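Before any comments, here is the structure.
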Amino acid sequence: MAWVYILTNRKFGTLYIGATTNLVQRIWQHRNEVVPSFTKRYHLHRLVYFEEHQTIYRAMQRERTMKHWKAEWKVALIEEANPEWDDLYWGIAAG
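Below, the structure written as structure tokens:
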């Protein structure tokens, strides 16, 4: 399994799109700023969207596609699934 995810610093804030095979671990790394990166620079810790894919190849294809979207499309995707822009990390980390 693999996931595409979107992180932000606040509602309607800066967005980051990534793909991973271990969602909980990867989001933990972002939240704890383990690696120097875009997410560390802008303090993007809030997981506001994720979707599951059968393979990392498909997740990476979707990630690349989404990175080319207009900001409005990304916001609409988040708003449809998570209208309050809640941090979804605690739900996935718990189990």
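Numbering (the UniProt record's numbering), first residue to last: 1 to 95.
We put the CB at the ideal spot given by N, CA and C, even for glycine.
No experiment lies behind these values; they were computed from the predicted model shown.
Distance between residue j and residue i (C-alpha atoms, nearest Å)
i      : j      : result
Pro-83 : Ala-94 : 21 Å
Gln-29 : Thr-14 : 18 Å
Leu-44 : Gln-25 : 15 Å
His-53 : Met-66 : 14 Å
Ala-19 : Val-34 : 17 Å
Glu-72 : Gln-61 : 20 Å
Tyr-42 : Leu-77 : 21 Å
Glu-80 : Lys-70 : 16 Å
Arg-58 : Asn-22 : 15 Å
Asp-87 : Asn-32 : 15 Å
His-68 : Lys-40 : 22 Å
Contact set for residue i: own chain, Cβ-Cβ below 6 Å, skip 5 residues either direction
i      : result
Ile-27 : Leu-47 and Tyr-89
Trp-85 : Lys-11 and Val-48
Lys-74 : Leu-15
Opposing strand residues paired with residue i [DSSP bridges]
i      : result
His-53 : Ala-2
Leu-47 : Leu-7
Cβ shell of residue i (< 7 Å), same chain only, five flanking positions each side left out
i      : result
Thr-55 : Ala-2
Phe-38 : Tyr-16
Ile-92 : Leu-23 and Val-24
State whether the segment 38-52 contacts the segment 2-9, with contact taken as three or more CB pairs (one from each stretch) at a distance under 8 Å.
yes
Which ranges would you report for the alpha helix (DSSP H) in the segment 7-39 if only whole runs of at least 4 residues count?
23-31
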